[in-house]
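Remarks on the structure that follows.
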Amino acid sequence: MSDIIVSGMRPTGALHIGHYVGVLKNWIEYQNTHECFYFVADWHAVTSNYDNLAIVHAARKEYVRGWVAAGIDPNKAHIYNQSSIPEVLFLNQIFLSLTPPGWADRSPSWKDLKTNPSKKLDNLGFYNYPILQTADVAIVNGKFVPVGEDQVAHLEIGREIIRKFNRLYKTQLPEPVAKLTAVPKLLGIDGSKMSSSLGNVISLNESVKSLQKKVNKMKTDDLRGGVEKPGNPDNCSVFSYHKIFSSQEAINDVNQSCRGAQLSCGECKQNLGKFMQEELMPISEKMGKITDDQCEDILTQGNRVVGEKAKALWQELKIQIKL
Numbered sequence: 115m116s117d118i119i120v121s122g123m124r125p126t127g128a129l130h131i132g133h134y135v136g137v138l139k140n141w142i143e144y145q146n147t148h149e150c151f152y153f154v155a156d157w158h159a160v161t162s163n164y165d166n167l168a169i170v171h172a173a174r175k176e177y178v179r180g181w182v183a184a185g186i187d188p189n190k191a192h193i194y195n196q197s198s199i200p201e202v203l204f205l206n207q208i209f210l211s212l213t214p215p216g217w218a219d220r221s222p223s224w225k226d227l228k229t230n231p232s233k234k235l236d237n238l239g240f241y242n243y244p245i246l247q248t249a250d251v252a253i254v255n256g257k258f259v260p261v262g263e264d265q266v267a268h269l270e271i272g273r274e275i276i277r278k279f280n281r282l283y284k285t286q287l288p289e290p291v292a293k294l295t296a297v298p299k300l301l302g303i304d305g306s307k308m309s310s311s312l313g314n315v316i317s318l319n320e321s322v323k324s325l326q327k328k329v330n331k332m333k334t335d336d337l338r339g340g341v342e343k344p345g346n347p348d349n350c351s352v353f354s355y356h357k358i359f360s361s362q363e364a365i366n367d368v369n370q371s372c373r374g375a376q377l378s379c380g381e382c383k384q385n386l387g388k389f390m391q392e393e394l395m396p397i398s399e400k401m402g403k404i405t406d407d408q409c410e411d412i413l414t415q416g417n418r419v420v421g422e423k424a425k426a427l428w429q430e431l432k433i434q435i436k437l
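Under the working numbering, think of the first position of the sequence shown as 115, with each following residue one higher.
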């Protein structure tokens, strides 16, 4: 095993295939090569669900259920609840005191909020997201954080915070390093960004029938104008899914047949559904067999192990900073 990897998911709704292809597949690989800390980021979820925390509470177990069904092994990776580790908030408070507002202003998520206003996210919790993220990583001596390119700026803020902390208190916390991941562009079934709040997701626990029904609703090439006319797969959400779930032979066939007006959109969606069923139905079936009690046991185990590690590190840091 090499340096520690830390990553989490905000439990804000259904666990969907965007999580699966963009995050979980990478997590599954990392657990065999690194010591991994995977947490349910419920404090982060509060920033957008403070008026309905029941959503966060319900999603905790569902996320654990989906992670394990997809292939995360609790015996290889630490699975835990962010809010069950109080030292995260202790360290976060120190980091907040060290962080000038200008650093937080650089957060891409905060900048995006200014151009796409959302009353639910216009709060200090969301504003301080990169600082809490830094505490999440540092409290377990994390080194690598799997992110897409759009999240690198958040980690750079974290690096500056820890650099300042180490300089002031003569500590040696690792500076977090982005472990860049190729995140496939997977749009929702309506062609917009996949989001539970928009109702355009394909969940990991779909049935064969519900999965195909959602695939049938997927947005296709608006300019095709009829089965008898050539289409452009590059303008079609269905083809982007084929490139992730289908065989290379099928991808090539769809590309040629669509452009040659030899494949209808309906037939194309039926073919896609079959490939998606092959990969996703085993996960859905496993999710149905994992009980709430098993999810609680997994979290309890992870909370205990990570809690001990975090408590020990916090005690060391308190001595260093003379708190």
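Yeah, the Cβ is synthetic: ideal placement off N, Cα and C, and Gly gets one too. Please read all numbers here as calculations on a predicted model, not as lab measurements.
Straight-line gap, residue i to residue j (C-alpha atoms, nearest Å)
i	j	result
residue 295	residue 263	8 Å
residue 368	residue 353	8 Å
residue 135	residue 437	43 Å
residue 221	residue 261	14 Å
residue 104	residue 197	Residue 104 lies beyond the range of the chain shown here (115 to 437); nothing can be said about it.
residue 115	residue 293	Unreliable placement is indicated for residue 115, whose pLDDT of 44 sits below 50; no coordinate value is reported for it.
residue 194	residue 141	14 Å
residue 254	residue 427	8 Å
residue 433	residue 283	10 Å
residue 211	residue 288	19 Å
residue 118	residue 330	42 Å
residue 380	residue 332	10 Å
residue 360	residue 231	37 Å
residue 424	residue 201	6 Å
residue 218	residue 137	25 Å
residue 324	residue 139	23 Å
residue 214	residue 280	16 Å
residue 384	residue 404	30 Å
residue 199	residue 123	16 Å
residue 237	residue 327	38 Å
residue 143	residue 185	9 Å
residue 377	residue 313	29 Å
residue 345	residue 351	12 Å
residue 162	residue 235	6 Å
residue 305	residue 409	33 Å
Own chain residues within Cβ distance below 6 Å of residue i, not counting five before or after
i	result
residue 406	175
residue 484	Absent from the structure is residue 484, since the part of the chain shown begins at 115 and ends at 437.
residue 337	none
residue 132	300 and 308
residue 412	178, 188 and 193
residue 285	434
For residue i, the three-state DSSP class (helix, strand or coil)
i	result
residue 260	strand
residue 314	coil
residue 115	The pLDDT assigned to residue 115 is 44, lower than 50, so where the model puts this residue is not dependable; a value taken from the coordinates is nonetheless given after this. Coil at residue 115, not helix or strand.
residue 154	strand
residue 227	helix
residue 121	strand
residue 164	coil
residue 369	helix
residue 432	helix
residue 75	The question about residue 75 has no answer, for the chain in this structure spans 115 to 437.
residue 173	helix
residue 184	helix
residue 195	strand
residue 201	helix
residue 363	helix
residue 234	coil
residue 307	strand
residue 393	helix
residue 342	coil
Terminal residues of the alpha helix (DSSP H) in which residue i lies
i	result
residue 293	First-last for residue 293: 291-294, but that is the beta strand (DSSP E), not the alpha helix (DSSP H).
residue 358	351-359
residue 268	266-283
residue 142	139-144
residue 329	322-330
residue 57	Lying outside 115 to 437, the shown extent of the chain, residue 57 is not represented and no answer is given.
residue 245	243-252
residue 218	215-219
8 Å Cβ cutoff, residue i in contact with chain B
i	result
residue 130	Any reference to chain B falls outside this structure, which holds one protein chain only.
Close Cβ partners of residue i (< 7 Å) along its chain, the five nearest in sequence each way excluded
i	result
residue 342	375
residue 187	145
residue 128	310, 315 and 317
residue 415	188
residue 242	210 and 218
residue 365	356 and 357
Neighbourhood of residue i by C-beta distance below 8 Å, restricted to the same chain and skipping five residues each side
i	result
residue 190	145, 146 and 150
residue 401	179, 180, 183, 318 and 319
residue 160	167, 170 and 239
message: Under 8 Å: do the stretch 203-216 and the stretch 159-176 share three or more Cβ pairs, one atom per stretch?
response: no
- prompt: Should the stretch 387-395 be called in touch with the stretch 340-360, which here means at least 3 C-beta pairs below 8 Å?
  reply: yes
query: Are the stretch 362-377 and the stretch 144-160 in contact at 8 Å, needing three or more beta carbon pairs?
result: no
task: Taking 8 Å as the threshold, find out whether the stretch 315-328 comes into contact with the stretch 391-402 through three or more Cβ pairs.
output: yes
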